Amino acid sequence: MTEIFDLAASNLVSPIILSFALGLAAALARSDLTIPEAVAKGMSIYLLFAIGFKGGAAVAANGIDSTLLLAIGAGLVLSFGLPLIAFALLKIMTGMDRVDAAAVAAHYGSISIVTFVAATSVLEGRLIDAEGYMVAVAAAMEAPAILSALWLVARGGNSAKMDAGLMREILLNGSIVLLVGSFVIGAVTGEKGLAEIAPFIVTPFKGVLCLFLLDMGLIAGRGLRNVRGSLGMGAISFAILMPLISSAFGLVLGMMIGLSLGGVVLLMVLSASASYIAVPAAMRVALPQANPSIYLTLSLGVTFPFNLTLGIPLYLAVAQSVIGG
Amino acid sequence: MTEIFDLAASNLVSPIILSFALGLAAALARSDLTIPEAVAKGMSIYLLFAIGFKGGAAVAANGIDSTLLLAIGAGLVLSFGLPLIAFALLKIMTGMDRVDAAAVAAHYGSISIVTFVAATSVLEGRLIDAEGYMVAVAAAMEAPAILSALWLVARGGNSAKMDAGLMREILLNGSIVLLVGSFVIGAVTGEKGLAEIAPFIVTPFKGVLCLFLLDMGLIAGRGLRNVRGSLGMGAISFAILMPLISSAFGLVLGMMIGLSLGGVVLLMVLSASASYIAVPAAMRVALPQANPSIYLTLSLGVTFPFNLTLGIPLYLAVAQSVIGG
Amino acid sequence: MTEIFDLAASNLVSPIILSFALGLAAALARSDLTIPEAVAKGMSIYLLFAIGFKGGAAVAANGIDSTLLLAIGAGLVLSFGLPLIAFALLKIMTGMDRVDAAAVAAHYGSISIVTFVAATSVLEGRLIDAEGYMVAVAAAMEAPAILSALWLVARGGNSAKMDAGLMREILLNGSIVLLVGSFVIGAVTGEKGLAEIAPFIVTPFKGVLCLFLLDMGLIAGRGLRNVRGSLGMGAISFAILMPLISSAFGLVLGMMIGLSLGGVVLLMVLSASASYIAVPAAMRVALPQANPSIYLTLSLGVTFPFNLTLGIPLYLAVAQSVIGG
Amino acid sequence: MEMHDAKRVSIVIEAPLERRLADALTEAGVTGYTIMPVLGGSGRSGQWSREGQLGRSGMVNFICLIRPERLDGLLEAAFAVVEQHIGVVSVTDAKVLRAERF
Amino acid sequence: MEMHDAKRVSIVIEAPLERRLADALTEAGVTGYTIMPVLGGSGRSGQWSREGQLGRSGMVNFICLIRPERLDGLLEAAFAVVEQHIGVVSVTDAKVLRAERF
Amino acid sequence: MEMHDAKRVSIVIEAPLERRLADALTEAGVTGYTIMPVLGGSGRSGQWSREGQLGRSGMVNFICLIRPERLDGLLEAAFAVVEQHIGVVSVTDAKVLRAERF
Ligand SMILES: Nc1ncnc2c1ncn2[C@@H]1O[C@H](COP(=O)(O)O)[C@@H](O)[C@H]1O
Ligand SMILES: Nc1ncnc2c1ncn2[C@@H]1O[C@H](COP(=O)(O)O)[C@@H](O)[C@H]1O
Ligand SMILES: Nc1ncnc2c1ncn2[C@@H]1O[C@H](COP(=O)(O)O)[C@@H](O)[C@H]1O
Ligand code: NA
Ligand code: NA
Ligand code: NA
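In structure tokens form, the structure reads like this:
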């Protein structure tokens, strides 16, 4: 137990976490500090490209082992299944209506790539290797949760707009395409390709991540300021309980399919993390009745910082104690 | 022959080319992946600054040899002359009217700095040196082609708006000023200046180039999607034939004035490449009757990817077999 | 004396200064070269984050000595006091009315962080250490001058809008928050944190600074072009005389509180520099009657380039000859 | 200069629906419109600002100049997309040059 | 489609006053507005362009659709902020869909 | 609040002509205008989007508020620039505060 807190504490004083905290504090204090939208989008493109490429290059270096397909399968199962659990939990813990609950559930089945990246940083800092293809698993987990949520709504008799256009938009959304595309480029060009562009995608990576998290903190802080008081304790508890439950499922599936310690931790983190980019946009199209400030605040304002600060070290500690290593 | 294909194949699996392919594929599949305009412009400023500075620093290191002026002269001759050849070819191969043909011709006399940069990367990868002042030649080749095109139009009795204001805009356009300016800064501050900022302009350069080419791929793909079917085979054949012809002129002039192997290849590449930034903007002012989708598609959608993938290794192979080395 | 000129000359051929000159020249020649607003803002966020973090890490490494509080106190005294001197001088040297003079005075009491950064670069180039907490002094000096200026206006019977909202905006303005915040992060995470992100905030720093100064040159040049002729010789002389006077105050206070040579130079530079970001925005709210083109031109168009080129080496030479070392 | 009557329709709509609205307008035969960026705003669903957004959120503003007799068709097509969403539709009388283009 | 009379008020104002104008409008009971970016312009205080600006300068454009009877209240509230500053206020007649929202 | 009649002229024009239009307006004595960014659009020359553009392409939107009697002068000056180019000109009736500024 103390070990977990030590881990969490040493995690907390990293520049990455403190940058997030700075953004959060600045926004709560109503500072006018902002990062231009174009710059934030540029950084997220950089991060996706870098993480995808490095994953691909790692696969090229280590070869594809048979667990790749199993891991993607596990990711799909989690992304399809977790929204059902989230939905049931929301029905018990909060007074949300079916549509809002389904929209929130979609976010918790999908993933946050920045949380994934932060976990990767923590693993690297502890010299724990992970399967390079986990970024492909991340990509696979982005979209299925949306389908589960729409099914939950349709089952309740409400109308949810799902058409071929939306399907294509979800599957070909920019972050999935960039992640998968750069993964493939990394896998094809391998170590040699990585060496060529490492001074761009490897060495300055953590620094860019700091600025990106500063922006995430600013956004989360502004969101929290706006909804202050309008979210009940039930919803907030859900946003902390759900990642714990999800990570347990990630742990079990990760061990079943034989992932390494690092891979299990990353699958736990993916399960525990909640989307705040792809899913919100899809919800505005498919479930416009759902209230965006509910799902954005829970995902970005509660679950994201929870995972970033306490969640990741906790999942790592649990995985280490269960798997050993 | 197999050697050329080997060269092309090894060129094709570089992260740079694959990034372009990724962008192209994403746009053709109608993904919503986009790079914000401001970020794309920021990257192009970075690339121009870096390439100019490095050229200047190379000149400072090696001294200016007497071919500098000859090379700039050759560049001017090519930029003035190639549009005439392109125009004649377009008249033969396509049914374009005089104004459209002249506008396209202007693009092929001018240059694409990204193609130049990609060629520099290939040369560096093969450890082939080139004259640092080739970036000055590139700058010199940007504008003259516009004048030739306007002369072609005026000769045909159409009106083309050329005034002092436009002339100044063309000559002082941002990319020329930045390229020449950073070349001068590089030449003045020399190796010492380069050492100070090399971690910014040298080591991460290729990585930035990847992201920039991702964006070029996205733009080219969107352009191709829009004009699908409206361009005849004649025009498309022109966009592949013309660079081959141009590069031959570049080869001959480059050898005549005694450039090194690398310098000859770069002059071939400059000749073969077509503008898609400076010239289109000038055409909108001077030849508004010309259809932008024709010249943009040929230049960015056909000739640019052709040069990037097959053209550069081909020009290199030809130059090597002719010059030896 | 020759020594100062040698210093200035060697300072003048640095890529940083020449980039500023390039921007200035491009704008005066009416080139359309521009750096997108979002990119410029992104670079300034990068610079503030990097400089704050490095200052904090330096404090973590060397420990806080007792002069920290004294230095911040000196900064506050200078920022409160210098506007009074500037105001008196403006009244003598120019025909500005009270409001315009007070607005200009506010700028000269506050600071320019880019001038500070450029001075840091010069010190590093000469291997002269400075107290890491000087960035905290810089942050402390941003705002007080605004209060002095408003007091000067109010004393004259004019109305100046100072309310709690404006006070908060000034104190929590983005650059102060980012500078102080990253300083704290650097101090908390120390050498270890710095090592993690040094490839982002240390090695490419000077290169980013070049591009940022290119933009500053463009902006200063456009400003100068617009006001051409409308500023009298009196105002322009003020913009060169005032930094000399301010730096003398900085020198005396810096020596009194026992700063190192580097620290004294930086306090001189902070005193001599004039704001062009935080103060102008505050003036638009609090003193809308004041003419922005006067204070922006003096600060950005005259004092900034003066400090960058001649001022910094001069202050360094003076400090060296007075303190020795 | 000769000018022709027209209606100027402004539609503020969430950015994720941009493509859908463009498609709906095109289907309704409206091929002329200009899309302008929106920085932020306030309405029944509260205040928002582009700088507080991640991803594709935010809003955009479609401006259509159209012959008066075609207004109803446009509004119906637009309304089908806007209906369930956050957004505002307004119409102003205007005159246009070069009516042959509309 | 049923439409309702409204006024469209456009206020071009310096960016550092954005928050103050928003607050003034909210206090005056105007909770619907859209803020649009401005690239540059020209007026009595000369030409300016966003690309020649550092920091928070520049201008923004507030657009408010409002019931005609509430126009005066809005203008008074806005004018109190704009008065001493660089800026332009204009009003156009408009029609809006979904009047229940205004 | 006292308001004065004015015309609101909107000109959507290709970005490379921005400086030329500004100069033409200035020459015609029109010194007040606001330039707004355009994200994309559709017209006779097809669809385009700012994100699919390299370089200086794209369009911008000039807005001029002007006394009614000066409208013709403005339109003539603007039309000389817009004529051969892609672009749209529209005019709306408006009221302005602070007419002394126009
Ligand atoms: N009365 C109004 N005038 C101008 N814009 C409005 C108005 N009402 C709403 N909007 C815009 O439409 C968006 C959504 O409005 P709502 O659906 O009322 O939340 C707001 O954020 C504003 O940008
Ligand atoms: N007549 C006008 N029409 C449109 N915009 C104007 C007009 N006059 C001023 N503006 C805008 O308001 C800003 C400030 O105007 P001014 O206070 O006259 O300097 C200008 O930069 C323009 O963006
Ligand atoms: N009817 C219209 N309403 C609004 N904007 C238009 C209209 N027609 C054209 N535009 C704008 O003007 C640009 C050029 O139009 P065009 O010259 O018809 O290709 C388009 O891309 C739109 O941004
Ligand atoms: Na999840
Ligand atoms: Na060429
Ligand atoms: Na100062």
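Residue numbers (my numbering), protein chains in the order written: chain A, 1 to 325; chain B, 326 to 650; chain C, 651 to 975; chain D, 976 to 1077; chain E, 1078 to 1179; chain F, 1180 to 1281. We treat Cβ as the ideally placed atom computed from N, Cα and C, and that holds for glycine. Fair warning: this is a prediction, and the values are worked out from it, not measured in the lab.
First through last residue of the beta strand (DSSP E) which encompasses residue i
i, result
"proline 15(A)", "Note, proline 15(A): premise wrong, no beta strand (DSSP E); alpha helix (DSSP H) at 15–28."
"tyrosine 133(A)", "Taken as a continuous stretch (DSSP letters only), tyrosine 133(A) belongs to no beta strand (DSSP E), as it is neither H nor E."
"histidine 1081(E)", "1081–1091"
"asparagine 1138(E)", "1136–1143"
"glycine 1015(D)", "1015–1018"
"glycine 81(A)", "No beta strand (DSSP E) holds glycine 81(A); the alpha helix (DSSP H) holding it covers 67–93."
"glycine 229(A)", "Counting along the chain, glycine 229(A) falls outside any beta strand (DSSP E), and DSSP gives it neither H nor E."
"alanine 1273(F)", "1266–1275"
"proline 1114(E)", "1110–1114"
"glycine 1225(F)", "1225–1228"
Supposed contact pair residue j and residue i - C-beta distance, whole angstroms, cut 8 angstroms
i, j, result
"glycine 506(B)", "glycine 377(B)", "7 angstroms"
"alanine 603(B)", "glutamate 467(B)", "5 angstroms"
"threonine 514(B)", "valine 663(C)", "6 angstroms"
"leucine 863(C)", "glycine 673(C)", "7 angstroms"
"leucine 1000(D)", "leucine 1040(D)", "With a Cβ gap of about 12 angstroms, leucine 1000(D) and leucine 1040(D) do not count as contacting."
"glycine 186(A)", "alanine 60(A)", "7 angstroms"
"serine 293(A)", "valine 227(A)", "5 angstroms"
"leucine 414(B)", "phenylalanine 631(B)", "Contact doesn't hold; Cβ gap of about 16 angstroms is too wide."
"isoleucine 637(B)", "alanine 444(B)", "5 angstroms"
"leucine 732(C)", "tyrosine 758(C)", "6 angstroms"
Range covered by the alpha helix (DSSP H) that runs through residue i
i, result
"threonine 1001(D)", "993–1002"
"serine 897(C)", "883–906"
"glutamine 645(B)", "637–648"
Beta-carbon gap between residue i and residue j smaller than 8 angstroms
i, j, result
"glycine 725(C)", "alanine 790(C)", "yes"
"alanine 154(A)", "alanine 106(A)", "no"
"valine 1215(F)", "valine 1115(E)", "Correcting the residue identity first, residue 1215(F) is methionine in this sequence and not valine. Yes, these two residues count as a Cβ contact at 8 angstroms."
"alanine 1273(F)", "alanine 1207(F)", "no"
"valine 1180(E)", "arginine 1097(E)", "For chain E, the structure presents residues 1078 to 1179; residue 1180(E) sits outside this window and is missing."
"serine 446(B)", "tyrosine 601(B)", "no"
"serine 321(A)", "glutamate 131(A)", "no"
"lysine 531(B)", "isoleucine 197(A)", "yes"
"lysine 1084(E)", "valine 1137(E)", "no"
Close Cβ partners of residue i (< 6 angstroms) along its chain, the five nearest in sequence each way excluded
i, result
"alanine 352(B)", "Leu543, Gly546, Arg547"
"methionine 918(C)", "Ser897, Gly900, Leu901, Tyr965"
"glycine 481(B)", "Arg423"
Cut-off 7 angstroms between Cβ atoms - residues of its own chain near residue i, not counting five sequence neighbours on either side
i, result
"valine 184(A)", "Gly56"
"leucine 78(A)", "Met141, Phe249, Gly250, Leu253, Ser271"
"valine 117(A)", "Leu47, Ile51, Leu209"
"glycine 1225(F)", "none"
Residues near residue i by beta carbon distance below 8 angstroms, same chain, minus five either side
i, result
"leucine 821(C)", "Ala793"
"arginine 1133(E)", "In this prediction, arginine 1133(E) has a pLDDT of 45, which is less than 50 and means its spatial position is unreliable; what the coordinates show is noted afterwards. Hits under 8 angstroms: Ala1092, Pro1093."
"phenylalanine 49(A)", "Leu178, Ser182, Ile201"
"threonine 634(B)", "Ala333, Asn336, Leu337, Ile342"
"methionine 746(C)", "Leu740, Val754, Ala885, Ile944"
Ordered list of alpha helix (DSSP H) runs contained in the region 117–205 of chain A, each at least 4 residues: 134–142, 144–155, 164–171, 174–201
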